[in-house]
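Sequential numbering from 20 applies to the sequence shown in our numbering. To start, the structure itself, in structure tokens.
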Amino acid sequence: MKSLATALIVGWIVPAVAATSAAKAATVMAQAMIPPTGMNDTDNPMPMVERMQRRFPQPVRVGDLIGLPVLDDGASTLGYVEKVVRASDGKIKLIVSYSRWFGWLGWFGRSVAVPIEVVGIEGRQLASLDMPPSAYVTAPTWQGDDATVLPSDATVRVALARN
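Here you go:
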């Protein structure tokens, strides 16, 4: 009887101690000290192209960009990508149908050229990282002069974004 009681006590204590030490070993906390994309960028000015390179640009088919919403910092839709063009200076631009009041509908918008360096892709949407909504308001309406529309099977590089 005495050995049975001892076996029960040992059988109850040993797994509990082993489980506690295993839980301590398995519980490892990690904390990322990286701020969200675009945060504190004004404190460290750098050229847009260099900033884009730091955001790990990924290849994306042009056809997959067409129709994607472009969002501001508050997750409000500024407009939708109509087409992707290569300007005469060789830079890639997204043509976005921007509308201050109806951007979320995609109606009544005027076409605005947005440099690909100022946006980042977040799943099935684009975040306007380095072009505030006020810049969309003051941007000239895109005329399409001397720009080549890229075919939908072409590939461009778009930076990654996260919120």
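Just so you know, even glycine gets a beta-carbon here, dropped at the ideal spot from N, CA and C.
Q) Among Q162, D172, E141, P66, which one has its Cα closest to the Cα of V89? A) When each option's Cα is compared against that of V89, the closest is E141.
Q: Taking only runs that begin and end inside the segment 119 to 168, name each unbroken alpha helix (DSSP H) of 4 or more residues, in chain order.
A: Restricting attention to alpha helix (DSSP H) runs no shorter than 4 residues, the segment 119 to 168 encloses them at 152 to 157, ordered along the chain.
Q: In the DSSP assignment, find the beta strand (DSSP E) that holds G98 and state where it starts and stops.
A: Segment 96 to 105, the beta strand (DSSP E) holding G98.
Q: Could you spell out where the alpha helix (DSSP H) holding L84 opens and where it closes?
A: Residue range 81 to 84 is occupied by the alpha helix (DSSP H) that includes L84.
Q: Compare the C-alpha of R119 against each of K112, G128, I111, L113 and name the closest.
A: Among K112, G128, I111, L113, the Cα nearest to that of R119 is on G128.
Q | CB of V177 within 8 Å of CB of V79, strictly | A | With contacts defined as CB atoms closer than 8 Å, V177 and V79 qualify as a contacting pair.
Q) Between the beta-carbon of T160 and the beta-carbon of V131, is there less than 8 Å? A) Pairing T160 with V131 gives a Cβ-Cβ distance under 8 Å.
Q: Report the partner residues of A178 according to the DSSP bridge assignment.
A: A178 is bridged to G139.
**Q.** Closest residue to S116 among I135, V175, L169, G86 (Cα-Cα distance)
**A.** Among I135, V175, L169, G86, the Cα nearest to that of S116 is on G86.
Q) Buried or exposed: where does E69 fall if 16 or more other Cβ atoms within 10 Å of its Cβ makes it buried? A) Answer is exposed; the Cβ neighbour count stays below 16.
Q) In chain order, what residues of the same chain have a beta carbon less than 7 Å from the beta carbon of L179, not counting five sequence neighbours either side? A) Spatial neighbours of L179 in its own chain (CB-CB distance under 7 Å, excluding positions within 5 residues in sequence) are listed in chain order as R74, F75, Q77, G139, I140.
Q) For the candidate residues D149, Q144, T167, whose alpha-carbon lies nearest to that of V133? A) The shortest Cα separation from V133 among D149, Q144, T167 belongs to D149.
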